[in-house]
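Following: one structure in structure tokens, then a few remarks.
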Amino acid sequence: MLLRDLIATVARSSLSELLDSICDLAANRHAFRGVSIALNSGEGLVQGHSAHFRAYSPTDWHSLHERLGPHVALAPVHRVDDQIAVRFAAAEAAMTLHAEPDATGTGGAALMAIGLALPVQGARDTVVQTLSGLLRGLKGHVQDHFASQAALARLRHMLTTVETLARVGVWEVDPTSHRLHWSDEIYRLHGVAPGREPDVETALGFYPEPARTALRGHLERLLEHGESFDLTVPIDRADGERRVVRAIGASDPAGRRARSAFGVFQDVTSQARREEDLWRAANHDPLTGLPNRRAFADRLAAACVQARSSGTFGVAIIADLDSFKVINDVHGHDIGDRVLVAMAERIGAAVPLAGRVGGDEFGLVATGFATRREAQEAARRLIGDLAFDFSHDARQVPITATAGACVMCANACDSAEVLRSADIALMHAKRRGRREVAFYEARFGDELIRRDQTLTRMRAALARGGVVPYYQPQVDVASGAVIGVEVLARQVLDGKVTAAADFEDAFADGALAVSIGRVVLGAACRDLGQLRRQGILPPRLSINVAPMEICYPDYTRNLLAQLEAHGIPPSDVLVEITEDVLLGRDQEEVHEALDELAHGGLRVAFDDFGTGYASLIHLASYPVHQVKIDKRFIAEIVTDPVSQAVVRGVVEVSRARAIEVAAEGVETARQLAMLRAIGCDVVQGYHIARPMPFEALAALLANGPILGGGRG
Numbered sequence: 285m286l287l288r289d290l291i292a293t294v295a296r297s298s299l300s301e302l303l304d305s306i307c308d309l310a311a312n313r314h315a316f317r318g319v320s321i322a323l324n325s326g327e328g329l330v331q332g333h334s335a336h337f338r339a340y341s342p343t344d345w346h347s348l349h350e351r352l353g354p355h356v357a358l359a360p361v362h363r364v365d366d367q368i369a370v371r372f373a374a375a376e377a378a379m380t381l382h383a384e385p386d387a388t389g390t391g392g393a394a395l396m397a398i399g400l401a402l403p404v405q406g407a408r409d410t411v412v413q414t415l416s417g418l419l420r421g422l423k424g425h426v427q428d429h430f431a432s433q434a435a436l437a438r439l440r441h442m443l444t445t446v447e448t449l450a451r452v453g454v455w456e457v458d459p460t461s462h463r464l465h466w467s468d469e470i471y472r473l474h475g476v477a478p479g480r481e482p483d484v485e486t487a488l489g490f491y492p493e494p495a496r497t498a499l500r501g502h503l504e505r506l507l508e509h510g511e512s513f514d515l516t517v518p519i520d521r522a523d524g525e526r527r528v529v530r531a532i533g534a535s536d537p538a539g540r541r542a543r544s545a546f547g548v549f550q551d552v553t554s555q556a557r558r559e560e561d562l563w564r565a566a567n568h569d570p571l572t573g574l575p576n577r578r579a580f581a582d583r584l585a586a587a588c589v590q591a592r593s594s595g596t597f598g599v600a601i602i603a604d605l606d607s608f609k610v611i612n613d614v615h616g617h618d619i620g621d622r623v624l625v626a627m628a629e630r631i632g633a634a635v636p637l638a639g640r641v642g643g644d645e646f647g648l649v650a651t652g653f654a655t656r657r658e659a660q661e662a663a664r665r666l667i668g669d670l671a672f673d674f675s676h677d678a679r680q681v682p683i684t685a686t687a688g689a690c691v692m693c694a695n696a697c698d699s700a701e702v703l704r705s706a707d708i709a710l711m712h713a714k715r716r717g718r719r720e721v722a723f724y725e726a727r728f729g730d731e732l733i734r735r736d737q738t739l740t741r742m743r744a745a746l747a748r749g750g751v752v753p754y755y756q757p758q759v760d761v762a763s764g765a766v767i768g769v770e771v772l773a774r775q776v777l778d779g780k781v782t783a784a785a786d787f788e789d790a791f792a793d794g795a796l797a798v799s800i801g802r803v804v805l806g807a808a809c810r811d812l813g814q815l816r817r818q819g820i821l822p823p824r825l826s827i828n829v830a831p832m833e834i835c836y837p838d839y840t841r842n843l844l845a846q847l848e849a850h851g852i853p854p855s856d857v858l859v860e861i862t863e864d865v866l867l868g869r870d871q872e873e874v875h876e877a878l879d880e881l882a883h884g885g886l887r888v889a890f891d892d893f894g895t896g897y898a899s900l901i902h903l904a905s906y907p908v909h910q911v912k913i914d915k916r917f918i919a920e921i922v923t924d925p926v927s928q929a930v931v932r933g934v935v936e937v938s939r940a941r942a943i944e945v946a947a948e949g950v951e952t953a954r955q956l957a958m959l960r961a962i963g964c965d966v967v968q969g970y971h972i973a974r975p976m977p978f979e980a981l982a983a984l985l986a987n988g989p990i991l992g993g994g995r996g
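Counting the sequence shown from 1 gives a position; the working numbering is that position plus 284.
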């Protein structure tokens, strides 16, 4: 039965039925709190059912007393004793309503009894009308109560849901007792079950130092001065898991001390990790995990500050992997990436401050040295330690690095300038050779400017067709005949012919070196083809190959195509390589490149022989047809017994292996005579003939031998 139905019931039922209906409704729907019904059975006041309701206030009941008039008795039920019961003897029934008051005032403070003093019809009607009004008011109160309770329940559910979803918990501290109150979410955040609330010190114990001290200080200032705080700190949960929380505290100030201190804790671990990931992505190399160039520059700046403040020396190094492009081209980029990771691991183990500052370039910083010399020695040791053999397909690929370095000290330690200086020193080191460290000098800057100008001029010459071949004859010592020519690149720009020595930097640039080589090769093949068409037997062709070219996958294929297009037999071509081509590379890779040349019918010559630390080993390791003794030995062969011994040794070893020996840089008749006496096979140099354009070569070849023959 619903409350709205009780209004109609009052008009047609006895008071006993009405009261029974109220009890049934109350018991079934739990609409009232503290309702008790007493029925007069003629034998005294009998206690009836109990249920729940939200009672009227005492003021309401007194007002009701006035409305009932003199025919209705009204009294607190706890006073209904035998004497009081006599007053209700004529009443059909009695009803009591009870609720204790609470701090919010929402409960009633009434314990009343109501009944008929006179069982007359008018009084009955009065009671019925009064109770009808009472029930209507009671219905309104109950509906309001239900609505407010439902709204409160929804609010509590929403707050609980927000706490759970946002991982936010509420806390409060009593400023007097320092008693701490937590919501359920804060218990979950700390990894403990809801229960007894901890004290402040116990709660602070979940936070590691220095976060604990910081949080304690903020809380003390909040309680003492009402200073709000908002900070993010780590927390070690009860289960040992570390999380990150945002702690916010505020107060309701009353004078200097806070009347209450409250706030929230929010689990921001996921956000902190995302921010850390974003920061790491922005500041670290994704492949090696090392700091990127920007982050490395920041760390270098800190190292410069240390050097300035401590008066000690440090060294910044930029290390570049030797022949890394060849590794990528020959073995693939996956292997190249593995090489970079392996190098990064070695660097990370060697120095605490390092970074990947370019494709195959790494930055290293070492500090705390007493002298400049100590810093330089440390840099050399570091670069030496970076050399290792990388295992791939049951082969050992030697990995080395060349480096530029700048010494940092109190008087010269601007981080941007240090980094730029190390980069410039690296360029200088690459031009000098491999596997060494070049320390920045002021003159390097001028060299860099000159190098840039050289590359600019070379690009312009290539664009205008200004790179052409010149030819230096090679003469057979026995017959005096020109048996070959070495092709030398010349730059012709604005009517000026420039020798290769003046644009040497262009050969250190990979793209330019390949372009120059292909242009010169194409022109030389056309020239020798023209000699054949003129009826002149062309000499064999010696072509220089830059270190950047030899291991390019299409080098041999392009060379053979050029020769075939102009009718030049591959056996008439000598490919000259220096020991730079062999050092710092996978020897198996070089073997494959040279074998490919040999299979194509081409021959190989070692240029500048005798200057490398492993020249004789290379003779035994590679398919070599000619060695060209370096001109430094030829220049001193007449006066220096050591140079004579070197030349004799090379001739004897080469003769034992059926390898032809050529001498370059022959400048005098005495040098030629000494070489003839030692048994050298081929000579070239200014004493024989200078490099010349094609027209001069054609005229020279038409005149026959240019040197008197005989071994002497």
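C-beta: ideal position from N, C-alpha, C; glycine also.
Please return the same chain residues whose Cβ sits closer than 6 Å to the Cβ of residue i, not counting the five positions on each side in sequence.
i	result
residue 306	Residue confidence for residue 306 is low, a pLDDT of 46 falling below 50, so the modelled location carries little weight and cannot support an answer.
residue 951	969, 970, 971
residue 715	792
residue 519	490, 491, 527, 529
residue 860	826, 828, 889, 891
residue 647	580, 602, 639, 641
For residue i, I'd like the list of residues in its chain whose CB is within less than 8 Å of its CB, leaving aside the five on either flank, ordered along the chain.
i	result
residue 882	888, 907
residue 946	758, 889, 910, 911, 912, 913, 964, 965, 966, 967, 968
residue 768	757, 758, 823, 824, 825, 826, 858, 966
residue 839	829, 833, 877
residue 643	608
residue 984	757, 766, 973, 976, 990
residue 365	Only weak support exists for where residue 365 lies, its pLDDT of 41 falling under 50; the coordinates are left without a value.
residue 771	753, 754, 755, 804, 805, 808, 825, 826, 827, 828
residue 777	741, 744, 745, 748, 750
DSSP three-state call for residue i: helix, strand or coil?
i	result
residue 594	helix
residue 818	coil
residue 514	strand
residue 944	strand
residue 319	Residue placement at residue 319 is flagged as unreliable, the pLDDT there being 35, under the threshold of 50; the coordinate-derived value follows with that caveat. Residue 319 falls in the strand class under three-state DSSP.
residue 484	helix
residue 962	helix
residue 723	strand
residue 341	In this prediction, residue 341 has a pLDDT of 41, which is less than 50 and means its spatial position is unreliable; what the coordinates show is noted afterwards. It is coil, neither helix nor strand.
residue 750	coil
residue 535	strand
residue 860	strand
residue 490	coil
residue 519	strand
residue 982	helix
residue 545	strand
Name the DSSP beta bridge partners of residue i, please?
i	result
residue 465	456
residue 976	755
residue 760	966
Apart from the five residues just before and just after residue i, which ones in its own chain have a Cβ nearer than 7 Å to its Cβ?
i	result
residue 822	812, 815, 816
residue 523	475
residue 810	850
residue 847	809, 854, 857
residue 499	488, 491, 517, 531
residue 575	567, 568, 583, 639
residue 781	774
What are the complete beta strand (DSSP E) segments, minimum 3 residues, inside the stretch 881-941?
887-893, 910-913
Ordered list of alpha helix (DSSP H) runs contained in the stretch 641-712, each at least 4 residues:
656-669
Validate contact between the stretch 617-635 and the stretch 713-725 using beta carbons, cut 8 Å, 3 pairs:
no
Cβ contact (3+ pairs, closer than 8 Å) linking the stretch 752-759 and the stretch 636-646
no
Pick out the complete beta strand (DSSP E) segments inside the stretch 767-849, 3 residues or longer, and give them in chain order.
780-782, 824-828
Only counting runs of 4 or more residues, tell me where the alpha helix (DSSP H) segments fall wholly within the stretch 549-621, in order along the chain.
553-567, 577-594, 608-615
Quick check: the stretch 547-566 against the stretch 607-621, are there 3 or more CB pairs under 8 Å?
In short, these stretches do not touch, since the Cβ pair count stays below three.
Evaluate the contact criterion for the stretch 654-662 versus the stretch 573-580: three or more CB pairs, one atom per stretch, below 8 Å.
no
Below 8 Å, can you find three or more Cβ-Cβ pairs linking the stretch 697-710 to the stretch 734-750?
no
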